[in-house]
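Participant: In the working numbering, the protein residues as written are 126 to 348. No residue lacks a Cβ here, since even glycine has one placed at the ideal position from N, Cα and C. Everything numeric in this text was worked out from a predicted model, so none of it was measured. One structure is given below, represented as structure tokens, and several questions about it will come after.
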């Protein structure tokens with residue numbers, strides 16, 4: 126299912142691709158969900174047993190807090206809300222193929238944007254922790270001669286991070302498209318196990334990998 130918009134600005138027309146539209150659908154859905162959770166938490170009675178819904182939310186929050194604590198250190202739990210938001214967005218984006226929508230993460234512009242956010246946070250905290258000259262000095266270690274390689278390696282991080290997510294999700298979608306073309310009417314019978322791997326397993330795994338690398342990159346520049 127594709128939902129695209131044509132935007133006219135003066136004499137020029139621009140097409141907003143379905144991947145971007147789907148990304149905004151996820152953002153809006155998560156904002157509404159967050160508002161519902163906030164209302165339920167606010168109205169919850171601390172003297173009563175929490176509902177199953179709140180129990181699931183609490184388990185998810187605790188799991189993400191534990192992941193951030195183990196990877197970045199307990200004193201950096203202030204990053205947990207961002208990491209949880211990132212993980213949730215990518216997870217839902219990767220799984221949209223299960224309901225017939227194009228996954229936003231199969232669009233390189235989406236994955237590159239996420240990787241550039243991680244890159245920006247990494248450089249910001251590198252400057253904040255080490256100072257300007259300490260930040261620059263880090264590129265000269267362990268040898269000054271390796272400075273060009275260190276700079277290239279740092280610039281390569283958002284490229285590799287974005288391509289890893291983009292390539293895996295796009296490849297999974299292409300394989301399933303070819304599979305449906307090959308098996309034809311037998312697809313409803315044969316396809317579920319392949320969806321379980323290429324959409325479900327791969328989608329969850331790639332969201333976890335992207336989130337973990339984000340924590341490693343940012344955490345490496347924290348004091």
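Which runs of the alpha helix (DSSP H) at least 4 residues long sit entirely within the segment 211-289? Give them in chain order.
Facilitator: 233-262
Participant: In three-state DSSP terms, what is residue 136?
Facilitator: Within the chain shown, numbered from 1, the residue matching residue 136 stands at position 11. The answer is coil: DSSP assigns residue 136 none of H, G, I, E or B.
Participant: Tell whether a beta-carbon distance below 8 Å holds between residue 243 and residue 333.
Facilitator: Indexing the chain shown from 1 puts residue 243 at position 118. Indexing the chain shown from 1 puts residue 333 at position 208. Contact: no.
Participant: How many angstroms separate the CA atom of residue 256 from the CA atom of residue 345?
Facilitator: Here residue 256 is taken as the residue at index 131 of the chain shown, counted from 1. Here residue 345 is taken as the residue at index 220 of the chain shown, counted from 1. Answer to the nearest angstrom: the Cα atoms are 15 Å apart.
Participant: Nearest by alpha-carbon distance to residue 178: which of 149, 280, 162, 322 is it?
Facilitator: Locating residue 178 in the chain shown gives position 53, where the first residue counts as 1. Comparing Cα-Cα distances from residue 178 to each of 149, 280, 162, 322, the minimum goes to 162.
Participant: Work out the CA separation of residue 323 and residue 299 for me, nearest whole Å.
Facilitator: By one-based count along the chain shown, residue 299 stands at place 174. By one-based count along the chain shown, residue 323 stands at place 198. Distance between the alpha carbons of residue 299 and residue 323 is about 10 Å.
Participant: Taking the Cβ atom as the reference point for each residue, do residue 219 and residue 228 lie within a distance shorter than 8 Å?
Facilitator: Here residue 219 corresponds to residue number 94 of the chain shown, with the count starting at 1. Here residue 228 corresponds to residue number 103 of the chain shown, with the count starting at 1. In this structure, residue 228 lies closer than 8 Å to residue 219 by Cβ.
Participant: Which residues in the same chain as residue 301 place their Cβ atom closer than 6 Å to its Cβ, once the five residues preceding and following it in sequence are excluded?
Facilitator: Stepping through the chain shown from its first residue, residue 301 is reached at position 176. Taken in chain order, the residues that qualify are 323.
Participant: Answer with buried or exposed for residue 317, where buried requires no fewer than 16 other C-beta atoms within 10 angstroms of its C-beta.
Facilitator: In the chain shown, residue 317 corresponds to position 192, counting from 1. So residue 317 counts as exposed.
Participant: Taking just the CA atoms, how far does residue 264 sit from residue 252?
Facilitator: Residue 252 sits at position 127 when you count from the first residue of the chain shown. Residue 264 sits at position 139 when you count from the first residue of the chain shown. The straight-line gap from Cα to Cα measures roughly 12 Å.
Participant: Can you give me the start and stop residues for the alpha helix (DSSP H) that residue 148 sits inside?
Facilitator: One-based indexing of the chain shown puts residue 148 at position 23. Annotation for residue 148: the continuous alpha helix (DSSP H) segment containing it runs 143-168.
Participant: Give me the Cα-Cα distance between residue 241 and residue 217, rounded to the nearest whole angstrom.
Facilitator: If you number the chain shown from 1, residue 241 lands on position 116. If you number the chain shown from 1, residue 217 lands on position 92. Taking the straight line joining both Cα atoms gives about 20 Å.
Participant: From residue 166 to residue 261, what does the alpha carbon distance come to, in whole angstroms?
Facilitator: Along the chain shown, read from residue 1 onward, the residue named residue 166 stands at position 41. Along the chain shown, read from residue 1 onward, the residue named residue 261 stands at position 136. In a straight line, the C-alpha of residue 166 is about 46 Å away from that of residue 261.
Participant: Given 8 Å as the limit, is there contact between the segment 288-297 and the segment 141-149, that is, 3 or more CB pairs closer than that?
Facilitator: no
Participant: Just curious, the alpha helix (DSSP H) that residue 200 is in, first and last residue?
Facilitator: Taking the chain shown and counting its residues from 1, the one referred to as residue 200 is at position 75. Where residue 200 is concerned, there is no enclosing alpha helix (DSSP H), because DSSP gives it neither an H nor an E.
Participant: With 16 as the cutoff for other CB atoms within 10 Å, does residue 231 come out buried or exposed?
Facilitator: Mapped onto the chain shown, residue 231 falls at position 106. Buried, since its Cβ has 16 or more Cβ neighbours within 10 Å.
Participant: Sort 211, 190, 210 by Cα distance to residue 201 and report the nearest one.
Facilitator: What you label residue 201 is simply residue 76 of the chain shown in a count that begins at 1. Of the candidates 211, 190, 210, the one whose C-alpha sits nearest the C-alpha of residue 201 is 190.
Participant: What is the residue span of the alpha helix (DSSP H) that residue 328 lies within?
Facilitator: Residue 328 sits at position 203 when you count from the first residue of the chain shown. Residues 327-344.
Participant: Can a CB atom of chain B be found closer than 8 Å to the CB of residue 267?
Facilitator: No chain B is part of this structure, which consists of one protein chain only.
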